[in-house]
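*Asks:* To start, I am sharing the structure in question, which I have written as structure tokens.
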Amino acid sequence: MPVETVSPPPPGRPGRTRRQTIMLRRWIIVTVSVVAVVAGGFLVTKSVLAEPVAHKTTETEGPTPSVDATAPSSAGATSSAAASPSAEPTGLSSTKVPVTSSPPPKSTLPGWPGPDNTGVPKGTVLKPSGSILVTKDNTVIDSLDVRGCIQIEARNVTIKRSRIVGSCARGTIGTPLNKKYPRDNVVIEDTEVDGNRKSFDFPVIAYDGFTCRRCNVHGGGTGARLGDRVLIIDSYIHDSNTGEGSHNAAVAGHGDYDVQLIHNWLECHSIGYCSSSVSFYSEGLPVHDVLVEGNHFSGGAYCLYAGATEKSAINIKVRNNTFGTDFQPQCGAYGPAAHWEYNSGNEWSGNKFSNGKAVPAP
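The sequence shown begins at 1 in the UniProt record's numbering and counts up by one.
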């Protein structure tokens with residue numbers, strides 16, 4: 001029968017038999033394995049349950065307007081068939097959130113948008129109204145003269161053939177801050193929206209999920225403050241209310257996606273206070289999936305900030321735009337455009353000054 005040899009213990013450690021040492025090592029291995037499995041499960045669970053970072057836009061608060069409980073059932077407000085919003089991604093992947101591709105809408109105006117072919121159609125009889133809080137889905141506001149603001153907390157809302165004159169922190173027309181709504185959740189067409197020159201900061205129209213068609217927008221700090229999923233087409237956005245220390249634009253957004261600006265007249269001409277005609281700032285989040293096509297720009301430090309300010313600008317199409325020289329010989333005080341990124345599927349083509357000279361990518 002073999003005899004187990006006992007090795008002398010190392011200095012400073014109590015003696016153990018070889019069998020004891022083997023058993024101790026096995027116990028240590030099993031214990032470490034169990035701890036690793038438990039820890040790994042905890043980390044995976046934590047990763048799965050973690051919520052994505054929300055895209056937030058901060059706006060200076062102002063006085064809350066007096067509002068009605070719902071859009072009026074008379075005086076031009078009616079209901080239409082329900083429409084369900086389309087699904088929307090909750091955050092950016094390592095490159096971009098996929099956006100459903102479809103042909104861009106076509107302009108219906110033969111010439112540039114202006115005071116004669118945007119806003120309330122001639123001959124429309126408007127009925128007076130105060131401020132409106134829309135809480136009923138499928139509301140239609142038609143032929144109203146609103147003195148105040150329209151704040152929307154509902155789905156599938158239409159505002160047409162109306163004039164809205166007011167100033168509110170969330171916008172003279174404020175749309176729902178909800179990323180799940182499609183861009184036609186709020187449709188504004190043949191309507192004049194006037195910020196009433198009350199604030200350098202408050203936008204005229206803001207933020208997510210709206211279409212603005214043949215709109216005449218003016219008199220606010222920024223004409224259209226962009227969120228996500230926005231279409232502005234055949235519209236006249238002009239005469240921002242500027243003042244000491246303001247940084248205004250006809251159209252401006254911060255980290256936006258799925259935005260289309262098609263055949264609009266966009267100007268911001270106050271030297272020293274207008275940042276641009278159009279500003280896409282990638283502050284906090286990349287700007288991606290943007291089409292800027294067939295517009296007329298005028299004014300600002302640059303007429304166009306093209307997205308690559310802090311983060312990336314991805315899938316940006318800037319095509320066939322006119323960089324006007326109404327206020328500055330290079331459209332903007334410092335040039336036509338800035339912050340363009342030469343990658344990520346971006347396209348710069350067919351852009352010209354009003355004299356026909358090509359505008360190269362900045």
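Using N, Cα and C, we set each Cβ at its ideal position, and we do this for glycine too.
In terms of alpha-carbon separation, which member of ALA224, GLU267, ILE237, PHE210 lies closest to LEU231?
*Replies:* Taking the first residue of the sequence shown as position 1, residue 231 is located at position 231. Residue PHE210 is the option with its Cα nearest to LEU231.
*Asks:* Rounded to a whole number of angstroms, what is the C-alpha to C-alpha distance between ARG261 and ALA306?
*Replies:* Translated into the one-based positions of the sequence shown, residue 261 becomes position 261. Translated into the one-based positions of the sequence shown, residue 306 becomes position 306. Reading the sequence as shown, one finds Leu at residue 261 and not Arg. C-alpha separation (whole angstroms): 13 Å.
*Asks:* Report the partner residues of LEU109 according to the DSSP bridge assignment.
*Replies:* Within the sequence shown, numbered from 1, the residue matching residue 109 stands at position 109. None; LEU109 has no bridge partner.
*Asks:* What residues in its chain sit with their C-beta under 7 Å from that of THR242, if we drop five residues either side in the sequence?
*Replies:* Here residue 242 corresponds to residue number 242 of the sequence shown, with the count starting at 1. For THR242, where only same-chain residues beyond five positions count, the Cβ hits under 7 Å are PHE200, ASN248, SER270, TYR273, CYS274.
*Asks:* Compare the C-alpha of LEU291 against each of GLU267, ASP228, GLU310, PRO176 and name the closest.
*Replies:* What you label residue 291 is simply residue 291 of the sequence shown in a count that begins at 1. Out of GLU267, ASP228, GLU310, PRO176, ASP228 has the C-alpha closest to the C-alpha of LEU291.
*Asks:* Which residue marks the beginning of the beta strand (DSSP E) containing GLN260, and which one marks its end?
*Replies:* Taking the sequence shown and counting its residues from 1, the one referred to as residue 260 is at position 260. Run containing GLN260: 257-262, per the beta strand (DSSP E) assignment.
*Asks:* Based on DSSP bridge pairs, tell me the residues matched to THR211.
*Replies:* Walking along the sequence shown from the start, residue 211 turns up at place 211. Note: THR211 sits in a beta bridge opposite VAL187, LEU231.
*Asks:* As an exercise, report each continuous beta strand (DSSP E) stretch of at least 3 residues that is fully enclosed by the stretch 259-346, in chain order.
*Replies:* With a minimum length of 3 residues, the continuous beta strand (DSSP E) runs that stay inside the stretch 259-346 are 265-267, 274-281, 287-293, 296-298, 302-307, 313-319, 335-338.
*Asks:* From the DSSP output, which residues share a beta bridge with residue 373?
*Replies:* In the structure as shown, the chain begins at 1 and stops at 362. Residue 373 is therefore absent and cannot be evaluated.
*Asks:* Quick one: is VAL125 buried, meaning 16 or more other Cβ sit within 10 Å of its Cβ, or exposed?
*Replies:* Translated into positions along the sequence shown, residue 125 becomes position 125. Flag for VAL125 reads exposed.
*Asks:* Between the beta-carbon of SER276 and the beta-carbon of TYR302, is there less than 9 Å?
*Replies:* On the sequence shown, residue 276 is found 276 positions in, with the first residue counted as 1. On the sequence shown, residue 302 is found 302 positions in, with the first residue counted as 1. Yes, they are a contact pair.
*Asks:* When the distance is taken between beta carbons, is VAL157 closer than 9 Å to ASN185?
*Replies:* Along the sequence shown, one-based indexing puts residue 185 at 185. Along the sequence shown, one-based indexing puts residue 157 at 157. A contact, by the Cβ cut-off of 9 Å.
*Asks:* In the DSSP assignment, find the beta strand (DSSP E) that holds SER129 and state where it starts and stops.
*Replies:* The residue given as residue 129 occupies position 129 in the sequence shown. Note, SER129: beta strand (DSSP E), 127-129.
*Asks:* Can you name, in chain order, every residue of its own chain whose Cβ lies under 6 Å from the Cβ of VAL35, other than the five neighbours on each side?
*Replies:* For the purposes of this step, residue 35 is taken as residue 35 along the sequence shown, with counting starting at 1. Summary for VAL35: the model assigns pLDDT 39, below 50, so the residue's position carries little reliability, and this model does not support an answer.
*Asks:* Hey, quick one: how far does the beta strand (DSSP E) through LYS122 stretch, first residue to last?
*Replies:* Position 122 of the sequence shown holds residue 122. It is not in any beta strand (DSSP E) - LYS122 carries neither H nor E in the DSSP assignment.
*Asks:* With distances taken Cα to Cα, identify the nearest neighbour of ASN138 among GLY335, ASP326, ILE159.
*Replies:* The residue you call residue 138 lines up with position 138 of the sequence shown. Closest by alpha carbon: ILE159.
*Asks:* In whole angstroms, what separates the C-alpha of ALA154 from that of LEU285?
*Replies:* Working through the sequence shown from its first residue, we reach residue 154 at position 154. Working through the sequence shown from its first residue, we reach residue 285 at position 285. Between ALA154 and LEU285, the C-alpha separation is close to 27 Å.
*Asks:* So GLY174 and ASN196 are in contact, right, with Cβ under 8 Å, and what is the actual spacing, rounded?
*Replies:* In the sequence shown, residue 174 corresponds to position 174, counting from 1. In the sequence shown, residue 196 corresponds to position 196, counting from 1. That belief does not hold up - the Cβ atoms of GLY174 and ASN196 are roughly 15 Å apart, past 8 Å.
*Asks:* Please list, in chain order, all residues of the same chain as PRO65 whose beta carbon is under 8 Å from its beta carbon, the five residues on each side excluded.
*Replies:* Within the sequence shown, residue 65 is the residue found at index 65, counting from 1. Because PRO65 sits at a pLDDT of 37, beneath the cut-off of 50, its placement in the model cannot be relied upon, and the point is left open.
*Asks:* Since CYS215 and SER235 should fall inside the 8 Å C-beta cutoff, what is the C-beta to C-beta distance between them, to a whole number of angstroms?
*Replies:* By 1-based counting over the sequence shown, the position of residue 215 is 215. By 1-based counting over the sequence shown, the position of residue 235 is 235. Correct: roughly 4 Å between the Cβ atoms.
*Asks:* What separation, rounded to the nearest whole angstrom, lies between the Cα atoms of GLY111 and ARG170?
*Replies:* The residue given as residue 111 occupies position 111 in the sequence shown. The residue given as residue 170 occupies position 170 in the sequence shown. About 32 Å.
*Asks:* Rounded to whole angstroms, what's the CA-CA distance from SER47 to ALA250? Just pull it up for me.
*Replies:* Numbered from its first residue, the sequence shown carries residue 47 at position 47. Numbered from its first residue, the sequence shown carries residue 250 at position 250. With a pLDDT of 30 at SER47, under the threshold of 50, the modelled position of that residue is not reliable, and the figure given next carries that caveat. In a straight line, the C-alpha of SER47 is about 41 Å away from that of ALA250.
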